[in-house]
Amino acid sequence: MRIVRTASAGTLESSDCQVTVSPAETTELEYGGANSAIFANRTRRLVDEVLKEHNIGGVKVSIHDQGAIEITIRARLETALERASEPERPTCAEPDSDEGSIALASWWKSVTSDTSKEAM
1192 MRIVRTASAG TLESSDCQVT VSPAETTELE YGGANSAIFA NRTRRLVDEV
1242 LKEHNIGGVK VSIHDQGAIE ITIRARLETA LERASEPERP TCAEPDSDEG
1292 SIALASWWKS VTSDTSKEAM
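Numbering (our numbering), first residue to last: 1192 to 1311.
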């Protein structure tokens, strides 16, 4: 995954967090909130883990925590990363080959035959 734009997820409501990610040369974390001193280490480990899982380096992560639990922070971070990333393009067949046409025809046949079975 490659981060190409700034994106956010979450809210500033109680028990939530707002996560903003943006492209950067190195990985940075800004973490703030009412209990940021208490949960800073936990949040750093969580952010590092998520970035490693998605093979991401060079991103600025800003988290404003309003008492969110770990799963909420993870979900907000993953959503922001997805919104900020460049979509992966599927590999396509060579332009002059019939692979794409054959795959499309096969898919269409499976879709239309399943639909006709449901109608019965």
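Note that beta-carbon positions come from the ideal geometry of N, C-alpha and C, so glycine has one too.
Distance check for residue j and residue i, CA to CA, integer angstroms please.
| i | j | result |
| --- | --- | --- |
| residue 1258 | residue 1238 | 16 Å |
| residue 1231 | residue 1223 | 8 Å |
| residue 1200 | residue 1229 | 23 Å |
| residue 1214 | residue 1299 | 39 Å |
| residue 1234 | residue 1195 | 23 Å |
| residue 1202 | residue 1236 | 22 Å |
| residue 1245 | residue 1293 | 33 Å |
| residue 1211 | residue 1204 | 15 Å |
| residue 1252 | residue 1197 | 10 Å |
Among the options, which residue has its Cα nearest to the Cα of residue i?
| i | options | result |
| --- | --- | --- |
| residue 1241 | 1197, 1216, 1272 | 1272 |
| residue 1192 | 1295, 1303, 1276, 1302 | 1276 |
Could you tell me if residue i is buried or exposed, where buried requires 16 or more neighbouring beta carbons within 10 angstroms of its beta carbon?
| i | result |
| --- | --- |
| residue 1250 | buried |
| residue 1321 | Any answer about residue 1321 is impossible in this case: the structure gives the chain only from 1192 up to 1311. |
Could you please give me the residues that DSSP links to residue i through a beta bridge?
| i | result |
| --- | --- |
| residue 1201 | 1209 |
Any idea what DSSP makes of residue i, helix, strand or coil?
| i | result |
| --- | --- |
| residue 1247 | coil |
| residue 1221 | strand |
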